[in-house]
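As structure tokens, the structure follows; a few thoughts come after it.
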Amino acid sequence: MSAEPDSASVQNITAFFAELNRIYSTDRILTNKAQLAPYESDGLTCFRARPCGVVLPENQQEVIDTVRLCHRFAMPFVARGSGTSLSGGAVPIENGLVIAMNRLNKILDYDAEQRTVVVEPGVINLKVSQHVAGDQLYYAPDPSSGPVCTIGGNVAFNSGGAHCLKYGMTSNHVLGIKAVLPDGEIVELGGDSLESVGQDLTGMFIGSEGLFGVALEVTLRLLPKPEKYYTLQAAYDSLEKAGNAVAMVVASGLLPGAMEIMDRLSMDAADAAIGAGYPQDAAAVLIVELEGTTDEVEAEMPLLHSVIEESGAYIVEAAKDDAHRTKIWTGRKSAFSAVGRLSPDFIVQDGVVPRTRLAEALAEIERLSGKYGIRVANVFHAGDGNLHPLVMFDGREEGALHKAEELSGEIIRLCIRLGGSITGEHGVGLEKRMYLGEMYGEDDIEFMHRLQHAVDPLELANRGKKLPAATAPALLTRGAHPLEKQGVIFRD
Amino acid sequence: MHQPANIEELQDFVRASQNIRVCGAGTKPALSAGANVSTSGMSGILEYEPSEYTFTALAGTPLSEIRDALAENGQLFPFDPPLVEAGATLGGTTASGLSGPGRFRYGGIRDFILGVKMVTGEGRAVFGGGKVVKNAAGFDIPKLVTGSLGRLGVLVELTFKVFPVPETWTTICADFPRLETGNSAIIRLAMAQEELQCLDFEPPGRLWLRLGGLSAAVDGRVDRVRNLLQQVDAGVKNEVLSGTEDAQAWNDAREFRWVPVNHQLIKLPVSSAQVVIAEQLLAEASFESVRRYSVGGNVLWLAVPERVGGDEVDRLCQQLGRPALALTGSWSDPQRGLRHGRAFAERLLTVFDPDSRFEMTTTA
């Protein structure tokens, strides 16, 4: 169905670069090996591909001109933010072009009274909240890579984070998008109002993993900062009890901002890495965070405590102040990179199961871990059933990668079987395409292919991602992303 | 009027028909005028697991039936759909993209839809989204069909996320002496940390606010909000409603009981920065109207006499730079004003309805 991604399909590569040189000064076109290396993979380091070049646009018109040029020459392209994708979504197309969007990082229009901000796609996620903090506002979607990831990337992957249960994902906080379609046509989707008329084109564009084109401007919705947070961490002697506690919190009618669970292995990792200091014999910890007005949160606190007590927690630690709250979250957010220190290599999964089947899913993952003889650490957004099993292995061992991938695949299939999803927030990218057909029928996949083709007949925009398609770039390396090793970003 | 009892019958009908117009309960006559297929034969809740915060129901299911099932389990529609008492269906509400005043706090209908099963213009059954609250696989077809007005296909099954019902509700009704200060209050409140559930405005100066939460906290919260109102304009008068009075106030709002007889109801997305301008334009207009702003000034519900036509509404839309959707009255095209994103919409339409079987006078 799709053209083979090789340079022969590009009519005239020399002519292409000649045209590219009319858009960009030479210092903004990267072509030599050393310059291209950092762009060859993303947060999922096992996929790697070499582009024919990387361009560094500094304004929207350059992006538009580049997309139009690519269309003229049938050159596949990948628009890339900070490359923190955990599903291979930002991996280049072999011999295709990478359009690095980081220099489109201006905040264009901020209206505190309307609680909207219009940003260029290269703006860093966390910077949005920092920019508006003075007005007691914030931008709610908080993927753990927030200090590094871009809004454009968030839009492409409908990024989540720890607060999705109450506040939703990126798509629930984007009001409008100006984009260039793969054939170069410019569209404006949505607007700046919370309300709209007609089909939700903005919602359809978000999470399309770049297949529908490149976002040029994004209108974000801001929320008033919660007045008060109340964070507690409860220790349990079994993972099952922790899972059931989540169900009890939900049944009580409380709507926490976040509910997270870590298992013994991930606690050990965090202890070793940053001295997090988890209770030594706890099988699991549950973090629950309430947020809202001071009156409301203070009224909810006794209810939460009684539910947690009833759930059989044997230690309950409530944050006394901001610093304490930060400490609890740092422990949780360090888990991924901490696991990276326990094990030379690991695969992160991102499946979702219905909350009522959480205990079942965890028991099965434990059984599979035993069956394969591979350690699996579990950290997850318990509130919305979004699991992050960390499948640990040593790539130097013969066959270890393959076994780890098999185990990962079984976990994904487990999620599908239990009625969940293969991905809660990392997206399909390259990594999970082969499983899409198990979650959706053949007909549905074919329908999605047709939608992609209707918008991008030449399959130039992030070709090969999100939908099962042609061959994947070779698996070459694995392990923690360099930024993870430095503790700059955390997988989540 | 064809009334398929299941998806297969619906598929057969679609394959054999042109100019297909769908009707739920007909509570938005401008949108279902001339309908030749009804979803009322496909009604009922298919799955509901309160501990999952999700339900799946057939498109022809009356919202009231789902609302009651949710209420029995201490849950509600976070997007507070309108016309529940009037008999609106889940499918019709989704296709028209309507949310009510309570959407102010957490989001509108498009923020809570999770999955959809539908019949496209080729008569094929397509499933989009999922059944769990978090899902990043596949294209977000559920969001696309929200507000699609029957142009992309017939909705058959829908999965939504729901939220817990607050322990108690309280309403503050505040009368500001001037439009400008009333509008300032809306802006102040929308930026404040009060976690309002609803923020409505009846010009020239009446604000309707609703708070939901634990009883133990409500008095403190009400006091704070009243202080805030006082700060905006010391001349404000306000009263607190609870119990049946609170429930009635929002029921009336949701059912649009304030719309006079022989008036047409139109939805206009706006911003709170436009409220004063909109009021000026409508004061100068050649027709009188009754207005209610909802969702912190993000939507104008406009009631105009029957004789007001498309041109006049289009002119207002142009002046405000907005689209509009007529819900009642007869219009050649109920979708007025600005139309964005056509290039994207048209391409998608070639896949959903290649033979243009879903007759509308518009393409998006």
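Chains as they are written, first to last, in the working numbering: chain G, 1 to 492; chain U, 493 to 856.
Even glycine gets a Cβ: it sits at the ideal position worked out from N, Cα and C.
Note that the structure is a prediction, hence the values are computed from the model and not measured.
- Here Tyr440 of chain G has Met448 as same chain residues with Cβ atoms under 8 Å from its own Cβ, once five neighbours each way along the sequence are excluded.
- For Glu672 of chain U, no Cβ of chain G is located within less than 8 Å of the residue's own Cβ.
- When C-alpha distances from His832 of chain U are compared across G:Leu175, G:Asp271, G:Lys225 and G:Gly424, the shortest belongs to G:Leu175.
- The residues Pro570 and Phe655, in chain order, have a CB closer than 7 Å to that of Tyr598 of chain U in the same chain once the five nearest residues on each side in sequence are set aside.
- Inter-residue distance for Gly526 of chain U and Arg513 of chain U is about 7 Å (C-alpha atoms, whole angstroms).
- With fewer than 16 other CB atoms across the displayed protein chains lying within 10 angstroms of its CB, Asp322 of chain G is exposed.
- In the structure shown, Gln61 of chain G falls within a helical segment according to DSSP collapsed to helix, strand and coil.
- In terms of Cα proximity to Ser530 of chain U, the closest of U:Glu541, U:Phe505, U:Phe547 and U:Tyr545 is U:Phe505.
- Taken atom to atom, the span from the alpha-carbon of Ser556 of chain U to that of Ser193 of chain G is near 28 Å.
- About 29 Å separates the beta carbons of Ala587 of chain U and Ser543 of chain U, which is beyond the 8 Å limit, so they are not a contact pair.
- Counting along the chain, Ser129 of chain G sits inside the alpha helix (DSSP H) bounded by residues Asn125 to Val132.
- At least 8 Å separates the beta-carbon of Ala276 of chain G from that of Ile261 of chain G.
- Each residue's CA atom was taken as its position, placing Phe631 of chain U and Gly622 of chain U some 11 Å apart.
- For the region 428-450 of chain G, the residues whose beta carbon sits under 8 Å from a beta carbon of chain U are, in order, Val428, Lys432, Leu436, Met439, Tyr440, Gly441, Asp443, Asp444, Phe447, Met448 and Arg450.
- Residue environment: Asn498 of chain U is assigned as exposed (fewer than 16 neighbouring CB atoms within 10 Å of its CB, all protein chains considered).
- Neighbours of Asp632 of chain U across chain G, judged by C-beta separation under 9 Å: Asn158, Ser171, Asp200, Gly203, Met204, Phe205, Ile206, Gly207 and Ser208.
- Only exposed fits Lys371 of chain G, as fewer than 16 other CB atoms lie within 10 angstroms of its CB.
- Note that the C-beta distance between Lys178 of chain G and Leu255 of chain G is not below 8 Å.
- For Asp111 of chain G, the enclosing beta strand (DSSP E) covers residues Ile107 to Asp111.
- The distance from the Cβ of Leu691 of chain U to that of Val787 of chain U is about 7 Å, consistent with a contact at the 8 Å cut-off.
- For the region 347-379 of chain G, residues whose beta-carbon sits nearer than 7 Å to a beta-carbon of chain U comprise Val352, Pro354, Arg355 and Thr356.
- With respect to chain U, the C-beta atom of Asp322 of chain G has no partner C-beta closer than 8 Å.
- Three or more pairs of CB atoms, one per stretch, sit closer than 8 Å, so the region 285-301 of chain G contacts the region 223-238 of chain G.
- Contact between the region 342-349 of chain G and the region 398-413 of chain G is present: 3 or more CB-CB pairs across the two stretches fall below 8 Å.
- Listed along the chain, the chain G residues whose CB falls inside 9 Å of the CB of Met493 of chain U amount to none; the nearest CB is some 25 Å away.
- Counting every other CB atom within 10 Å of its CB across the protein chains shown gives Gln349 of chain G a total of 16 or more, marking it as buried.
- DSSP places Ile261 of chain G inside the beta strand (DSSP E), whose first and last residues are Ala258 to Asp263.
- Closer than 8 Å to the CB of Gln114 of chain G there is at least one CB belonging to chain U.
- Rounded to the nearest whole angstrom, the C-alpha separation of Pro57 of chain G and Leu216 of chain G is 11 Å.
- Judged by their CB atoms, Val843 of chain U and Leu812 of chain U are not nearer to each other than the 8 Å cut-off.
- With a cutoff of 8 Å on beta-carbon distance, Gly552 of chain U and Gly533 of chain U are scored as near each other.
- Chain G places no beta carbon closer than 8 Å to that of Thr820 of chain U, leaving this residue out of the contacts.
- Annotated as proximal: Val55 of chain G and Ala100 of chain G, with beta-carbon spacing under 8 Å.
- Separation of the CB atoms of Val618 of chain U and Leu647 of chain U is rounded to 11 Å, and the pair is thereby denied contact status at 8 Å.
- Below the 7 Å Cβ cutoff, chain G contributes Val352, Ser421 and Gly424 as neighbours of Asn627 of chain U, in chain order.
- A distance below 6 Å between beta-carbons, with the five flanking residues on each side excluded, links Ala377 of chain G to the following residues of its chain, in chain order: Leu265, Ser266, Val339 and Leu390.
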